[in-house]
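**Student:** So the sequence shown is numbered by this note's numbering: it starts at 828 and just counts up by one. Below is a structure I'd like to ask you about.
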Amino acid sequence: MNLSGKKVLVTGSEGFIGSHLTEKLVELGAEVTALVQYNSFNNWGWIDTFHKDIKKSLNIVTGDIREYDGLKRVIKGQDVVFHLAALIAIPYSYSSPMAYVRTNVEGTTNVLEACREFGVEKIVHTSTSETYGTALYVPIDEKHPMQGQSPYSASKISADKMAESFYKSFNVPVATIRPFNTYGPRQSARAVIPTIISQILSGKTELKLGSLTPTRDFNYVKDTANAFIKVAESDSTIGEVVNAGSNYEISIGDTVRKIIEVIGKDVKVICDEERLRPEKSEVNRLWADNKKIKELTGWEPKYSLEQGLKETIEWIGNNLSYFKTDIYNV
828 MNLSGKKVLV TGSEGFIGSH LTEKLVELGA EVTALVQYNS FNNWGWIDTF HKDIKKSLNI
888 VTGDIREYDG LKRVIKGQDV VFHLAALIAI PYSYSSPMAY VRTNVEGTTN VLEACREFGV
948 EKIVHTSTSE TYGTALYVPI DEKHPMQGQS PYSASKISAD KMAESFYKSF NVPVATIRPF
1008 NTYGPRQSAR AVIPTIISQI LSGKTELKLG SLTPTRDFNY VKDTANAFIK VAESDSTIGE
1068 VVNAGSNYEI SIGDTVRKII EVIGKDVKVI CDEERLRPEK SEVNRLWADN KKIKELTGWE
1128 PKYSLEQGLK ETIEWIGNNL SYFKTDIYNV
């Protein structure tokens, strides 16, 4: 499928990955509708920071994936739907699990049902590596068991299974992309890399973090956005789940050391108890097997961790006012 000229909807377009994907789709010549969560301030999230020419090219609509009737009106007439809207903060899911069910499970079901009703050509549903939980073997392929180690991951497992059921029950053309640990410009301080960078650049001499021993498979956001596009373009991904990862594993502790080396400032790392997950909920190891996405779409990451960190550090340095480094961002 060539996305140029296609009518494309992005839910969660105002967010971290969604905003990068939305920009890229405009560059590719798609007719993009950006669904932004309704708010009384008429705030469009990161879309507010787009170049005016990109904003002019967008059809920006406010709404809520939890509200089916409004969502139907947005999806009617679309050729392709990228579904990224979700609650994603793991710590907040411990205190408000039902909010995650309503948004991630019910909201996703609404998207799938509306796409089914209006015959959308392709849906790309967003999963997460958190659905795998702590690796039972590495690298993690798409056949790895799913483990609900937090209410967030449980809600995403449920959403993934709803996507699977709509493909198998109704032949809805949905593909599920499972990104591993995306980072880069526009990511909030709820994630570890911007937390590290923003604290250092704000002049902190003590870096407050949770556990340093878990490993992650980090992917630069531009690579992740391209993975979404490749999954949408490939007919072979319909009915499939595909990992989008680098096939490179690194511990949080080693990531901290890399960032400190690039920035060139000496800081002391201390463990902040508030930032630790409950023991059984911590995902201790993530390492993606990315063979399937390469075979089905030809995608592979272009950015090394060092390249991505440099661009991220530069962006955060120029936008430090977005970060509240004196508080723990849940």
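Heads up, the beta-carbon is just placed ideally off N, CA and C, and yes, glycines get one too. Computed from a predicted structure; not experimentally measured.
#1: Is the beta carbon of residue 1140 less than 8 Å from the beta carbon of residue 1090?
#2: Using three-state DSSP, classify residue 934 as helix, strand or coil.
#3: If I measure Cβ to Cβ from residue 936 and keep anything under 6 Å in the same chain, skipping five residues before and after, which residues do I get?
#4: Three Cβ pairs or more, each shorter than 8 Å: is that satisfied between the stretch 1097–1113 and the stretch 1048–1063?
#5: Below 8 Å, can you find three or more Cβ-Cβ pairs linking the stretch 898–911 to the stretch 871–887?
#6: How far does the beta strand (DSSP E) with residue 890 in it reach, from first residue to last?
#7: Have a look at 1046, 992, 911 and 1022 and flag the residue whose alpha-carbon is nearest the alpha-carbon of residue 1065.
#8: Relative to the alpha-carbon of residue 967, which residue among 1134, 980, 1007 and 1001 has its alpha-carbon at the smallest distance?
#9: Quick one: grab the DSSP three-state call for residue 1157.
#10: Between residue 857 and residue 831, which are expected to be in contact by the criterion C-beta below 8 Å, what is the C-beta distance as a whole number of angstroms?
#11: My understanding is that residue 1147 touches residue 1034, with C-beta atoms under 8 Å, so please give their C-beta distance in whole angstroms.
#12: Whose C-beta lies closer than 6 Å to the C-beta of residue 917 among residues of the same chain, with five residues either side of it excluded?
#13: Can you have a look at residue 964 and say buried or exposed, based on whether 16 or more other CB atoms are within 10 angstroms of its CB?
#14: If you run the structure through DSSP and keep just helix, strand and coil, what is residue 990?
#15: So which of 1122, 1003 and 1078 has the shortest CA-CA distance to residue 1068?
#16: Apply the 10 Å Cβ neighbour rule to residue 790 and answer buried if 16 or more other Cβ atoms are within range, or exposed otherwise.
#17: Do you know whose CA, among 1153, 1116, 1133 and 1137, lies nearest residue 962's CA?
#18: Where does residue 995 sit, in a helix, a strand or coil, going by DSSP?
#19: Do three or more CB pairs link the stretch 876–883 to the stretch 938–947 at distances below 8 Å?
#20: With distances taken from CA atoms, which of 890, 1019 and 1030 is nearest residue 1043?
#21: Can you tell me whether residue 997 is buried or exposed, with buried defined as 16 or more other CB within 10 angstroms of its CB?
#22: Specify the secondary structure class of residue 909 as computed by DSSP and reduced to three states.
#23: Do you know how far the Cα of residue 1133 is from the Cα of residue 1085?
#24: Throw me the rounded Cβ distance for the residue 896 and residue 864 pair, which I believe falls under 8 Å.
#25: Helix, strand or coil for residue 924, going by three-state DSSP, please let me know.
#26: Leaving out five residues on either side along the sequence, give the residues of the same chain with a beta carbon under 8 Å from the beta carbon of residue 893.
#27: What does the alpha-carbon distance come out to for the pair residue 1076 and residue 833?
#28: What does residue 861 pair with, by DSSP beta-bridge criteria?
#29: One question on the structure: do residue 1157 and residue 1055 come within less than 8 Å of each other, judged by their Cβ atoms?
#30: Let me know the alpha helix (DSSP H) ranges lying completely inside the stretch 1076–1151, each 4 residues or longer, listed in chain order.
#31: Measuring only the C-alpha atoms, how far is residue 1101 from residue 1155?
#32: Taking DSSP as the reference, what is the three-state secondary structure of residue 881?
**Tutor:** Taking the definition as stated:
#1: yes
#2: helix
#3: 989
#4: no
#5: no
#6: 886–890
#7: 992
#8: 1007
#9: coil
#10: 6 Å
#11: The Cβ separation is near 15 Å, so there is no contact.
#12: 977 and 979
#13: exposed
#14: helix
#15: 1003
#16: The shown model of the chain, from 828 to 1157, leaves out residue 790, and the question about it has no answer.
#17: 1116
#18: helix
#19: no
#20: 1019
#21: exposed
#22: strand
#23: 8 Å
#24: Actually they are not in contact, since the Cβ atoms of residue 896 and residue 864 sit about 16 Å apart, beyond 8 Å.
#25: helix
#26: 929, 930, 933, 934 and 937
#27: 37 Å
#28: 837 and 887
#29: no
#30: 1079–1090, 1118–1124 and 1132–1145
#31: 8 Å
#32: helix
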